[in-house]
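S.K.:
In the working numbering, the protein residues as written are 925 to 1258.
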């Protein structure tokens, strides 16, 4: 019954609930999902792949997959990128698929201080699998949602006329960086389209809320541990995300020494302590791979499985600093 109650609470009230975008704990390994202004952070092609499985104990409640490519175009002081994201909620009951193109422009302010602006234009497809929904009037107090004969109980709820929607999506980002500090802001869903509704109450659906992301950090280089052109560093960082009535704040640090990568951070959501995040990984040549685990500390409890992430980076510019001016503190994103 707990499983059915979770499904009811999550989906039966979808006409009055605005969802939030997925946010990676390893946001630094998914730079284009964080801020479009991070496109062009490398002279040569840069590829990122990410997987997030959240609360697997709740019937695979959420799973997110993404991939991206970007690189810097020196002749035009520009960056270009392409991203693909697929997000599944309720074991595939609601799926969002997004593909985007990104353009950024880099502007020197003074010395080694720069400002980069990024614009993202995407196409979002939303799909609702109505057959996976379980409503309150279709649950028998004794047998649950399925009769002893193996048939699901009927519901009086009316299926929406269109369970698939495709809309345009626009995002903008700014990034300031220097050798000692970086800070960025991104605003997603500037179009705020109400055309992506998946309910029969479209007149009262305001559209997906805009997401505001603010991130900042610095970098302390550990020259004594640098090797073969690969920098060793500690990078403290903060992240704040607000979307509709939801907000989260992350504070933590990542470290890279020789081939080894580690990180520790804390996430607070809507004034409640949410999770402590541990990460570890390794870099070898052009490749970097990292695993992270969100240890839930909220009332949801760790029994729901926390969250697992894997980030994989292929950076063709790794070990070739002479081809690109990297006098900055953005190595955490490389």
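Beta carbons are placed, not taken as given, at the ideal position from N, Cα and C, and that holds for glycine.
Quantities reported herein were computed from a predicted structural model and do not represent experimental measurements.
Just list the beta strand (DSSP E) runs in the stretch 1161-1215, keeping only unbroken ones of 3 residues or longer that don't cross its boundaries, in chain order.
M.R.: 1170-1181, 1184-1193, 1196-1208
S.K.: For residue 955 and residue 1184, which I take to be in contact (beta-carbon distance under 8 angstroms), what is that distance rounded to the nearest angstrom?
M.R.: Looking up residue 955 in the chain shown gives position 31. Looking up residue 1184 in the chain shown gives position 260. Contact doesn't hold; Cβ gap of about 21 angstroms is too wide.
S.K.: Mind checking whether residue 1040 and residue 962 have CB atoms under 9 angstroms apart?
M.R.: The residue you call residue 1040 lines up with position 116 of the chain shown. The residue you call residue 962 lines up with position 38 of the chain shown. In this structure, residue 962 lies closer than 9 angstroms to residue 1040 by Cβ.
S.K.: Can you name, in chain order, every residue of its own chain whose Cβ lies under 6 angstroms from the Cβ of residue 1009, other than the five neighbours on each side?
M.R.: Taking the first residue of the chain shown as position 1, residue 1009 is located at position 85. Same-chain partners within the cutoff: 990, 1022.
S.K.: For the putative contact between residue 1157 and residue 1143, defined by C-beta atoms under 8 angstroms, what is the C-beta separation to the nearest angstrom?
M.R.: By 1-based counting over the chain shown, the position of residue 1157 is 233. By 1-based counting over the chain shown, the position of residue 1143 is 219. 5 angstroms between Cβ atoms; contact.
S.K.: Taking only three categories from DSSP, how would you classify residue 935?
M.R.: Position 11 of the chain shown, counted from the start, is the residue given in the question as residue 935. Residue placement at residue 935 cannot be trusted, given a pLDDT of 42 that sits under 50; what the coordinates show is reported in the next sentence. Here residue 935 sits in helix by DSSP.
S.K.: Comparing C-alpha positions only, which one of 1148, 1236, 1232, 1252 sits nearest to residue 980?
M.R.: Here residue 980 refers to the residue found at position 56 of the chain shown. Ranking the options by Cα distance to residue 980, first place goes to 1232.
S.K.: Sort 1027, 1036, 1189, 1206 by Cα distance to residue 1253 and report the nearest one.
M.R.: Mapped onto the chain shown, residue 1253 falls at position 329. For the residues 1027, 1036, 1189, 1206, the minimum Cα distance to residue 1253 belongs to 1036.
S.K.: Please report the straight-line C-alpha distance between residue 1216 and residue 1138, rounded to a whole angstrom.
M.R.: Position 292 of the chain shown, counted from the first residue, corresponds to residue 1216. Position 214 of the chain shown, counted from the first residue, corresponds to residue 1138. Cα to Cα, residue 1216 sits roughly 22 angstroms from residue 1138.
S.K.: Quick check: does the Cβ of residue 983 come within less than 8 angstroms of any heavy atom belonging to the ligand MG?
M.R.: With respect to the ligand MG, the structure offers nothing, as it holds no ligand at all.
S.K.: Write down every uninterrupted run of the beta strand (DSSP E) in the stretch 996-1025 whose length is 3 residues or greater and which is fully enclosed by it, in chain order.
M.R.: 1002-1013
S.K.: Taking the alpha carbon of residue 1150 as the reference point, which residue from 1187, 1133, 1179 has its own alpha carbon closest?
M.R.: By one-based count along the chain shown, residue 1150 stands at place 226. Looking at the Cα atoms, 1179 is the closest of the given residues.
S.K.: In whole angstroms, what is the alpha-carbon distance linking residue 1108 and residue 1099?
M.R.: Taking the chain shown and counting its residues from 1, the one referred to as residue 1108 is at position 184. Taking the chain shown and counting its residues from 1, the one referred to as residue 1099 is at position 175. The alpha-carbon atoms of residue 1108 and residue 1099 are separated by roughly 4 angstroms.
S.K.: What's the C-alpha gap between residue 1241 and residue 1209?
M.R.: Position 317 of the chain shown, counting from 1, holds the residue named residue 1241. Position 285 of the chain shown, counting from 1, holds the residue named residue 1209. Between residue 1241 and residue 1209, the C-alpha separation is close to 10 angstroms.
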